[in-house]
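Residue numbers (my numbering), protein chains in the order written: chain A, 5 to 401; chain B, -19 to 280. Just so you know, even glycine gets a beta-carbon here, dropped at the ideal spot from N, CA and C. Note that the structure is predicted; figures quoted are calculated from it, not measured.
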C-alpha cells in the first residue's frame, strides 16, 4: 500500500505547477479515485448509458430476455428502435395509462418540493435556535429525541403515518375528536384523509399555505432580483415567468386533495431534523465575539438574529437546501407507501410514476425516456437554484 | 419585565413549552406503534387513544423474535427452512455494514484526491459525481439486473448475493459521501501534512495517519448514511435476491404488508425491533454528526 514518495506532491499553489509534474500529479489523483470511479462506472454509468439507449427503443416485457453480453439473444429479443417516440409520448401525455398527465405531474412535483423544503428549513432553523439558546434545560434530552425522525427507517415511518391517517380510528381523526371535546370546536372527525378528492375547506387551507410559503419566497425572489447587479431591462425579463409560476403553484395548492396534506405533514415530520443538524453546526461556528460586539453597540436580540445569525447561517444552509431539494424531489417512500399516488394520481410524483411505468405497466422503453426527462428537469432546477443563490450572494457580503 | 432573572425564567419556560410540544409531535407516532404492537387483539388500530391497551402483552414481540416467518421459506413445506428474526438480522447487518464499509473506503479515497490534488479532469470528475446524485435510478434496474447477473462471484451471479446488493447500494451512497468528505478534508490544514512529508512520511501515510484521524466526524456520517441505505432499502433487494435464505429485515417487513390483511401487531413489533439498531448507531455517533455534516459546508 505504501508508495514511497520522493517528492511531496500535495496541491502546489496555482501557477507553480510545471508541465510534467502536472501529469504525475494527475495520475496519482486518478489512482485514488479509481476504486470509486470503477464502481460508479459499472453500477451507475453503464446502466444509465443503457437506459439512454432503451429510451429510443420500444423495450417491453418480451425484450427482457435480451442480453447485451450474449450474442445469441440479440437477433431474437432486441427491441425495435423507435426514435424519439417515447419522449414525445411522455411529454404529450400520450400514454394509455390512467391519470397520466406529465404537466400536472411536474407541477405537483414542484409544489411538493417547494412546500417541503420551505418547512424543513424553517422548522430546522427555529428548532436549532431554540436548542442553541443559553442555559437551556434538558438540551441533551432534546438532542437525542430530535434525531429519531431521521434515525427510524423511512418505510416504517410511512406505514405508521398511513395507519394514523386512516378514516376509522386513525390517530389523526381521533386527536381531532379529542380536541373538539376539550375545546368545544366542531372540526370534522370523519376525514377521508387518503381518498377524498375535494380539497379541504373548499381550497381555503391551500390558499393559506400558499400565502405562508409562496409570498415570502416571492418577496425574497423579487428583492434578490432587483438587488442583483444586472442591467435593468434584464431584470424585467423573468417577471412574467415568476408571476406565471406563482399563479400556477397557488392553483396547485388550492386544488390539492386532502391526501397532499397527509403526505406533506408526514414528510415535514421526517425532514426537519437534517436541517436542524446543519443549522446547529453553523450556529456553533459563529464566534461569540460578534454578538458581544453587537450588544455593546446596543443591538436588540432581533437585530442580532437578522444581522448576524441569519446571514452567517446562509453558507451552510445553501448546500443543505440544494441536497434537500434533490432528495425531496425524488422522495419515493412517503408517497408510494402512504397514498400510492392516489386519489386518481393527484399525489403522484415523477419518481413514483417512473416506478409504476417499470413495475406495473412494464413499459421499459417509455420508463427510460421518462427517467431521462426527469433527470433534465432536476438538472435545470439545480442550475437555476445555483444561479439564483450565487446572484444573491453579493447582496449579503 | 426589567428584572433579568425574571426575563430569563420567562424565556426558559417559553422554550420548554415549544421544545416539549416538538417532542410530543416526534414521539407520538412511535407511541402509536408501541400501542398497536402490544395490543393482544391484533387489530389494525387502537379503538381509542390509549398507550397501553387492555390486556397488553409482548406476545407479538415474542412471535417476531422466536418464531419462523411462514412467508419466507426456501421450501414452504418445511418449517426448518423458514427465516427467523436472527437470520434476517444477520443478512441485514451484512448488507448494511458492507455498504457502510465500501462507502467509507472508496469515498474517502476519492474525496482525498478531489480535495488535495489539482489534476486534469478534477472539475469534470467532481461535476460527474454530483450529477449522479440527481439521476433517478428506477429505470436502470433492468440493465443493472442483467449486468450483475453476468458477473460471477464464487460460482453464483453477483446479483443474487448480499455482496452484490451491498455494492449496488454503495454506488447510491457514494456521490453524497464524496461530496461531503471532500468538503471536510478541505478544512484540514495542509500544513499538517506538509510537516509529516518533511519528516519523511509518504503521501499515503500522511493520508492514513493525519487526514483520516482528523476527519472522524465526516467518516462517521458516511458510515451512518451507508448503514441506513443498506438497512432500509428493499426495492432492489426484492428484485435481485432469489433465495429466501438471503432476505433482509426490510424485505420481511414489507412482506408482512399483505394485499388484503396485515398482521398489525406483528408488523409494528417487527418495525420497532428493526428501528433499534439504526437508532443506537445514531446515538453512538451523535457527537460526530453535527460537525461531520456541517464543517465542510461552513468553510467550503
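Quick check: is the beta carbon of residue i nearer than 8 angstroms to any beta carbon in chain B?
i, result
"residue 393 of chain A", "no"
"residue 71 of chain A", "yes"
"residue 164 of chain A", "yes"
"residue 182 of chain A", "yes"
"residue 22 of chain A", "Summary for residue 22 of chain A: the model assigns pLDDT 47, below 50, so the residue's position carries little reliability; its value from the coordinates is reported in the next sentence. No, residue 22 of chain A does not count as interfacial toward chain B."
"residue 263 of chain A", "no"
"residue 389 of chain A", "no"
"residue 293 of chain A", "no"
"residue 158 of chain A", "yes"
"residue 30 of chain A", "yes"
"residue 12 of chain A", "Its pLDDT being 40, under 50, residue 12 of chain A is placed unreliably in this model, and the coordinates cannot settle the point."
"residue 345 of chain A", "no"
"residue 335 of chain A", "no"
"residue 365 of chain A", "no"
"residue 48 of chain A", "yes"
"residue 34 of chain A", "yes"
"residue 82 of chain A", "no"
"residue 125 of chain A", "no"
For residue i, which of helix, strand or coil comes out of DSSP?
i, result
"residue 133 of chain B", "strand"
"residue 13 of chain A", "For residue 13 of chain A, the predicted model reports a pLDDT of 43, less than 50, meaning its position is unreliable and no value from the coordinates is stated."
"residue 96 of chain A", "coil"
"residue 351 of chain A", "coil"
"residue 48 of chain A", "helix"
"residue 313 of chain A", "helix"
"residue 382 of chain A", "helix"
Any beta carbon of chain A sitting closer than 8 angstroms to that of residue i?
i, result
"residue 41 of chain B", "no"
"residue 191 of chain B", "no"
"residue -13 of chain B", "no"
"residue 270 of chain B", "yes"
"residue 140 of chain B", "no"
"residue 106 of chain B", "no"
"residue 87 of chain B", "yes"
"residue 92 of chain B", "yes"
List the endpoints of the continuous alpha helix (DSSP H) containing residue i.
i, result
"residue 6 of chain B", "-16 to 17"
"residue 162 of chain B", "142 to 167"
"residue 337 of chain A", "337 to 342"
"residue 102 of chain B", "102 to 112"
"residue 111 of chain A", "106 to 135"
"residue 210 of chain A", "208 to 231"
"residue 184 of chain A", "175 to 187"
"residue 171 of chain A", "Neither: residue 171 of chain A is in no alpha helix (DSSP H) and is coded neither H nor E."
"residue 285 of chain A", "262 to 288"
"residue 300 of chain A", "292 to 300"
"residue 231 of chain B", "229 to 236"
"residue 65 of chain B", "65 to 96"
"residue 186 of chain B", "183 to 186"
"residue 242 of chain A", "242 to 259"
"residue 203 of chain B", "196 to 212"
"residue 99 of chain B", "Where residue 99 of chain B is concerned, there is no enclosing alpha helix (DSSP H), given that its DSSP letter is neither H nor E."
"residue 178 of chain B", "170 to 178"
DSSP has residue i in a bridge; who is on the other side?
i, result
"residue 38 of chain A", "BP columns for residue 38 of chain A are empty, so no partner."
"residue 85 of chain A", "A:61"
Quiz item: Okay, do the stretch 88 to 100 of chain A and the stretch 241 to 260 of chain A touch, 3+ Cβ pairs below 8 angstroms being the bar?
Solution: no
Could you tell me whether the stretch 163 to 175 of chain A touches the stretch 207 to 224 of chain A, where touching means 3 or more Cβ pairs closer than 8 angstroms?
no
Check whether the stretch 350 to 357 of chain A touches the stretch 327 to 336 of chain A, counting contact only when three or more Cβ pairs, one atom from each stretch, lie closer than 8 angstroms. yes
Decide yes or no for the touch test of the stretch 247 to 261 of chain B against the stretch 137 to 147 of chain B: beta carbon pairs closer than 8 angstroms, at least 3 of them. no
Review point. So does the stretch 27 to 47 of chain B actually touch the stretch 95 to 109 of chain B, counting three or more Cβ pairs closer than 8 angstroms?
Key: no
For the 8 angstroms Cβ check, are there 3 or more pairs between the stretch 42 to 58 of chain B and the stretch 224 to 238 of chain B?
-> yes
### Touch test, the stretch 265 to 273 of chain B against the stretch 276 to 286 of chain A, Cβ-Cβ under 8 angstroms, three pairs minimum
yes
Pairs of beta-carbons, one from the stretch 74 to 93 of chain B and one from the stretch 119 to 128 of chain B, closer than 8 angstroms: are there three or more? no
- Item | the stretch 55 to 66 of chain A / the stretch 34 to 44 of chain A touching (three or more Cβ pairs under 8 angstroms) | no
- With a cut-off of 8 angstroms, do at least 3 Cβ pairs link the stretch -13 to 4 of chain B to the stretch 142 to 155 of chain A? yes
Requested in this report: Check whether the stretch 336 to 346 of chain A touches the stretch 265 to 276 of chain A, taking contact to mean three or more Cβ pairs, one atom from each stretch, closer than 8 angstroms.
Outcome: yes
**Asked** Per the contact definition of three or more C-beta pairs closer than 8 angstroms, is the stretch 121 to 130 of chain B in contact with the stretch 65 to 83 of chain A?
**Response** yes
message = Below 8 angstroms, how does it come out for the stretch 146 to 164 of chain B and the stretch 89 to 108 of chain B: are there three or more Cβ pairs, yes or no?
response = yes
Task: Validate contact between the stretch 235 to 249 of chain A and the stretch 122 to 139 of chain A using beta carbons, cut 8 angstroms, 3 pairs - done: no
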